[in-house]
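Numbering-wise, the sequence shown is residues 86 to 484 according to the working numbering.
The beta carbon of each residue, even a glycine, is placed where N, CA and C say it ideally should be.
Below is one structure, written out as structure tokens, with a few remarks after it.
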Amino acid sequence: MYGSKDVAFAPYGEFWRQMRSISVLQLLSNKRVQSFRRVREEETSLMVQKISQLCNSSSLINLSDIFASLTNDIVCRAALGRKYGIGDEGKKFKLLLTDFVGLLGTFCVGDYIPWLAWISKFNGLNAKVEKVAKVFDEFLEGIVEEHRERKKGEKKRDDSTGETGGSDFVDILLEVQRENRAGFRMEIDVIKALILDVFAAGTDTTYSVLEWAMAELLRHPAKLENLQNEVRRVAGRKLEMTEDDLEKMSYLRAVIKESLRLHTPIPLLVPRESTQFVKLMGYDIAAGTQVIVNAWAIGRDPSLWENPEEFRPERFFETDRDFKGLNFELIPFGAGRRGCPGASFAIAVNELALAKLVHKFNFALPNGRKESDMDMTETTGITVHKKFPLLAVATQHSC
Numbered sequence: 086m087y088g089s090k091d092v093a094f095a096p097y098g099e100f101w102r103q104m105r106s107i108s109v110l111q112l113l114s115n116k117r118v119q120s121f122r123r124v125r126e127e128e129t130s131l132m133v134q135k136i137s138q139l140c141n142s143s144s145l146i147n148l149s150d151i152f153a154s155l156t157n158d159i160v161c162r163a164a165l166g167r168k169y170g171i172g173d174e175g176k177k178f179k180l181l182l183t184d185f186v187g188l189l190g191t192f193c194v195g196d197y198i199p200w201l202a203w204i205s206k207f208n209g210l211n212a213k214v215e216k217v218a219k220v221f222d223e224f225l226e227g228i229v230e231e232h233r234e235r236k237k238g239e240k241k242r243d244d245s246t247g248e249t250g251g252s253d254f255v256d257i258l259l260e261v262q263r264e265n266r267a268g269f270r271m272e273i274d275v276i277k278a279l280i281l282d283v284f285a286a287g288t289d290t291t292y293s294v295l296e297w298a299m300a301e302l303l304r305h306p307a308k309l310e311n312l313q314n315e316v317r318r319v320a321g322r323k324l325e326m327t328e329d330d331l332e333k334m335s336y337l338r339a340v341i342k343e344s345l346r347l348h349t350p351i352p353l354l355v356p357r358e359s360t361q362f363v364k365l366m367g368y369d370i371a372a373g374t375q376v377i378v379n380a381w382a383i384g385r386d387p388s389l390w391e392n393p394e395e396f397r398p399e400r401f402f403e404t405d406r407d408f409k410g411l412n413f414e415l416i417p418f419g420a421g422r423r424g425c426p427g428a429s430f431a432i433a434v435n436e437l438a439l440a441k442l443v444h445k446f447n448f449a450l451p452n453g454r455k456e457s458d459m460d461m462t463e464t465t466g467i468t469v470h471k472k473f474p475l476l477a478v479a480t481q482h483s484c
């Protein structure tokens, strides 16, 4: 969209190294992730309030919608400084984001058979891409200008509007631009490209992890009970759980890992490109070849995992395998220098949201359905979700 001026698709070189450095050190460092702790705690508390209200008025709760709204609100507050989830503005933004993520996962025959690229002109794909790109660019342009004007006027933020009370990602990038800390002339398109990366990688994927984790727990009530027992033992009668409580929840971390293993959010990861000729398992791979890694298949490989189709979080108590890119049996966020820089931000959201859910509520499948009858069909696209929304019956847990 911005001519490979982002982190995800920029070719390896000095520009990419500088962009990666900005992402890792300025936007998504551990210190920066912690600075948005209040945002995560507030938004997950609002999620709990919403479910509590639905418990009293409805027999069914659409957890897929709730997770999508939660991750969208958290990413918007962290990246843009405010939420875009209410009213017509919120509906338009959600539709735009849905269209954008959908296009990222659309099959384009010209990418694989170049001489058939003309097909995209006739099937409407090119026109749709151009339309969505134009609207998203106008949206991001307005966001950047809004932040510039606010900086000029030194206006203070009001907590009641749902803003962070601190620097958001756009503020940080504009500061890097003003102080010339990037090591190159940082154009406005670079800022917009980085913010676009945050939305593309931070909303849909995070919501996918929560959706699949809860789906597996509903299919396996004994595992759900194990998690509830741990969370309720650690958090006790607390009205508000905080991220400090999560450090003592080893089973929670195991559940997240097992969900990432079985349901890698981006099954084929972001495509790589070989920088030099290499021979692999008898195959000659030329420099410049696009390389696709099937992380989904790795997570279900019986030569790497015992009973790989089984949802068993306890397996991670028997191994030190982690998802940080050092164990190639589990690479939901990729590995190496192209690994996802936002992994720690995503995991912080996943762990807190899931812990608060099972702390406050008991869940069951609707209409007395059996766990074995639960439809786990996957969608197609760059991010894999359940084909059908995750519906559940929730009742408030009495301490």
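- R346 sits buried, since 16 or more C-beta atoms from the chains shown fall within 10 Å of its C-beta.
- Going by C-alpha positions, E126 is about 28 Å away from S106.
- Burial check for S293: the Cβ neighbour count within 10 Å reaches 16 or more, so the residue is buried.
- For F207, the enclosing alpha helix (DSSP H) begins and ends at 204–207.
- K135 sits away from I159, with the two beta carbons spaced by 8 Å or more.
- DSSP, read as helix, strand or coil, puts K237 in helix.
- By the Cβ test, the stretch 366–380 is not in contact with the stretch 304–315, since fewer than three Cβ pairs between them sit closer than 8 Å.
- Runs of the beta strand (DSSP E) lying entirely within the stretch 375–449, each at least 3 residues long, are 446–449 in chain order.
- Under the DSSP definition of a beta bridge, D222 lacks any partner.
- The stretch 350–360 and the stretch 459–479 touch, with no fewer than 3 CB-CB distances between them shorter than 8 Å.
- For T480, no alpha helix (DSSP H) run applies; the uninterrupted beta strand (DSSP E) run containing it begins and ends at 476–481, by DSSP.
- Pairing I198 with F192, the inter-Cα distance amounts to about 12 Å.
- Our two residues, C140 and G321, have alpha carbons roughly 22 Å apart in a direct line.
- Taken in chain order, the complete alpha helix (DSSP H) segments of 4 residues or longer contained in the stretch 239–303 are 254–263, 273–287.
- The residue among E343, F254, W203 with its C-alpha nearest the C-alpha of E394 is E343.
- The beta carbon of S89 sits closer than 6 Å to the beta carbons of A95 from its chain, once the five residues preceding and following it are set aside; these are given in chain order.
- In the pairwise beta carbon analysis, the stretch 470–480 is classified as not touching the stretch 161–171: fewer than three pairs are separated by under 8 Å.
- Contact between the stretch 275–287 and the stretch 217–225 is present: three or more C-beta pairs spanning the two stretches fall below 8 Å.
- Check the Cα spacing between A307 and each of S114, A449, A371, H232: the tightest is with A449.
- For D369, the enclosing beta strand (DSSP E) stretches over residues 368–370.
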